[in-house]
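Take the first sequence: its position 166, counting from 1, is numbered 644 in the working numbering, and each next residue is one higher.
Following: one structure in structure tokens, then a few remarks.
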Amino acid sequence: MYQRMKGTYDVIEDAPYFRAVERAASEVSRLFNFKEIRTPLFEASELFHRSVGETTDIVSKETYDFTDRGGRRVTLRPEGTAGVVRAYIENKLHADPRVPGKYYYLGTMYRYDRPQKGRTREFRQFGVESFGTKSPAVDAETLAAAHTFFRALKLQDALTLHINTLGGRESKANYAAALRAHLEPHVETLCADCQRRYQDNPLRILDCKIDGDSEAVQNAPRTLDHLAADDRKNFEEVLSHLDALQIDYVVDHALVRGLDYYTHTVYEFKVDAALLGSQNAIGGGGRYDELVETLGGPPTPATGFGIGLERLIHVLKQRGFTPREGHVHLYLLAIGEEARRRTFTLAHELRLGGLVVETDLLGRSVKAQFKQSEHHQAAFVGILGETELAAGTINLKDQATQEEQTLKQSELLKTIKTRLNGRSKAPDCSDCTEKGSQK
RNA sequence: GCGGCUGUGGCGAAGCGGUUAACGCACCGGAUUGUGGCUCCGGCAUCCGCGGGUUCAAAUCCCGUCAGUCGCCCCA
């Protein structure tokens, strides 16, 4: 038997959750006027290596790299930003007079990681990118979009926004140097990973789980103390914009992020560890003012975030969120061959009228047909036998009340719609009435 | 990339070396050929993730492999 590849899974029962979340994402994007962009699932390996960073965990051990039949080095996208930036440059979107240029994406990402709770090799993200300005208001606007998205899913009080700033290129470099100088006498005491980070990317030592609590790291200089005046002002403006929007946050000086392209504002959305196992980040993002230029475009500051959909859904489930499910409105039950021929065509007519209809196609016994109607959780069962066939009527049984009435087949559609809409709880018939009214 | 645990029908789960693989739920058929959900009767794993080994004998022991799961690293 073939089985799915490690770290992948089939979305079946969860499909309604994804639909709900994706719908919220596109709806929020519409409100904030982010245009949808769909970029390829794979790109030249070089693109990700250059943008994400050669020494990052993502590139050094988690990318899906392969050589295609033409000998090209190809990589399945591990995150969304690099591809969007590539498309931004290649399609000359910087020429668009609407600045900032605002885009959102929804799609699968691939990381060759060891799967565990909240982590698979193929996963989905909703992300947003805003190009063309350093304005702190834009950072705040993207965060407002994320906040609105979480609010739409009633998740805003389950998450905490952790935020920090790395400063611009110079501040970042100055800080890295200061950090190195501070840690120099302690290098020997650091874990093996951090000894490597000391060379490659000292900032990452700050959020190391092993050394993060050590005295040397605790007493390390803070990013804020090494910021250029402008950088500090910029960060303060982001925060004041968030205050103005009443978006809560925690300034977290140890927050560094694992991708090299970040500058200035960086942030993560975290949930209680208990909800997601050891994974507590549901999304993250920040500013990447150098990346567009690094990848060959004109100097273009930008900012954006990515949010993991399956982690989000995991939290939604734990909080009791249930997506609206599809319901079968009517199960048409036939007694006898002649009647079966009629239910077959009747089902079609009613579907054209906007009802969700099931009927027996296998010649099942009456008892078996009733069982099927239960399995489908049909709101109504329509029973058609010789008598009804001759009279042009049908017996309509309301599964909620068990009441059965005989009515004309021609009145079925109207009767069912009326009664479904009059019902306080599900089944929801908004879809069928919309379609019905268009006819 | 590293470590722990796990893998028996659609699902849950017993069996842990001795020969027809418990049981519960679900499902299917019948009692009841035009009205189901209760009850009763019957059916439903040529086989215990896969491959190999040990043994007279393996679902049960060993090795490998695949998958799941949890943790580390890191991130979504």
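Backbone N, C-alpha and C fix where the C-beta goes; we use that ideal spot for every residue, glycine too.
Quantities reported herein were computed from a predicted structural model and do not represent experimental measurements.
- A residue is called buried when at least 16 other Cβ atoms come within 10 angstroms of its Cβ; E693 does not meet this threshold and is exposed.
- By the CB criterion at 8 Å, L828 and L891 fall inside the cutoff.
- Within its own chain, the residues whose Cβ lies closer than 7 Å to the Cβ of R647, once the five positions on either side in sequence are excluded, are T741 and E768, listed in chain order.
- Bounds of the beta strand (DSSP E) holding E607 are E600 to F609.
- In the DSSP assignment, H826 falls within the alpha helix (DSSP H) that extends over E815 to L830.
- Residue state for Q677 is assigned as helix, using DSSP reduced to three classes.
- Taken through DSSP and simplified to helix, strand or coil, T879 comes out as coil.
- When beta bridges are read from the DSSP output, K886 appears opposite T871.
- Between L811 and V844 the beta-carbon gap is near 7 Å, inside 8 Å, which marks them as a contact.
- The beta strand (DSSP E) runs of length 3 or more contained entirely in the region 513-554 are, from start to end of the chain, 520-522, 542-545 and 551-554.
- Looking only at F848, I641, Q481 and A636, the smallest Cα-Cα distance to D617 is reached by I641.
- Taking the CA atoms as reference points, E881 sits about 34 Å from A493.
- Counting along the chain, no beta strand (DSSP E) covers N712; the unbroken alpha helix (DSSP H) around it starts and ends at A707 to A722.
- When Cβ pairs closer than 8 Å are counted between the two stretches, the region 487-505 is seen not to touch the region 517-533, the count staying below three.
- Within 10 angstroms of the beta-carbon of R675 lie 16 or more other beta-carbons, which makes it buried.
- Here DSSP, grouped into helix, strand and coil, assigns V499 to helix.
- Here R589 really is in contact with P556; their C-beta atoms are around 5 Å apart, less than 8 Å.
- In the three-state reduction of the DSSP assignment, L737 falls in the coil class.
- Looking from the CA of P518, the closest CA among L554, T884, Y487 and K484 belongs to L554.
- Taking a contact to require three or more Cβ pairs closer than 8 Å, the region 654-665 and the region 708-727 do not qualify as touching.
- V744 places its beta carbon less than 8 Å from that of R735.
- Under the 10 Å beta carbon count, Y581 is surrounded by 16 or more other beta carbons and is classified as buried.
- By the CB criterion at 8 Å, T701 and H660 fall outside the cutoff.
- Take T611, set aside five residues on each side of it, and the residues of its chain with a beta-carbon closer than 7 Å to its own are V577, P578 and P779, in chain order.
- Comparing C-alpha distances from G775 to each of K886, N569, Y542 and Q677 shows the shortest one belongs to N569.
- In the structure shown, the three-state DSSP call for T800 is coil.
- Straight-line measurement puts the Cα of L657 at about 16 Å from the Cα of A706.
- Here K895 is buried: its Cβ has 16 or more other Cβ atoms, across all protein chains shown, within 10 Å.
- Around the C-beta of E866, 16 or more other C-beta atoms lie within 10 Å, and the residue is accordingly described as buried.
- For A878 and Q887, the gap between their C-alpha atoms comes out near 21 Å.
- In the structure shown, the three-state DSSP call for I760 is strand.
- Excluding sequence positions up to five before and after F520, its CB lies within less than 8 Å of the CB of V552, T553, L554 and R555, all in the same chain and listed in chain order.
- Rounded to whole angstroms, the gap between the alpha carbons of D689 and P699 is 15 Å.
- Taking L681 as reference, the option from R710, H792, D709 and K650 with the minimal CA-CA separation is K650.
- Excluding sequence positions up to five before and after F858, its CB lies within less than 7 Å of the CB of H807, L808, L874, K875, D876, Q877 and I894, all in the same chain and listed in chain order.
- Inclusion of V563 and I515 in the CB contact set at 8 Å is not warranted, their separation being larger than that value.
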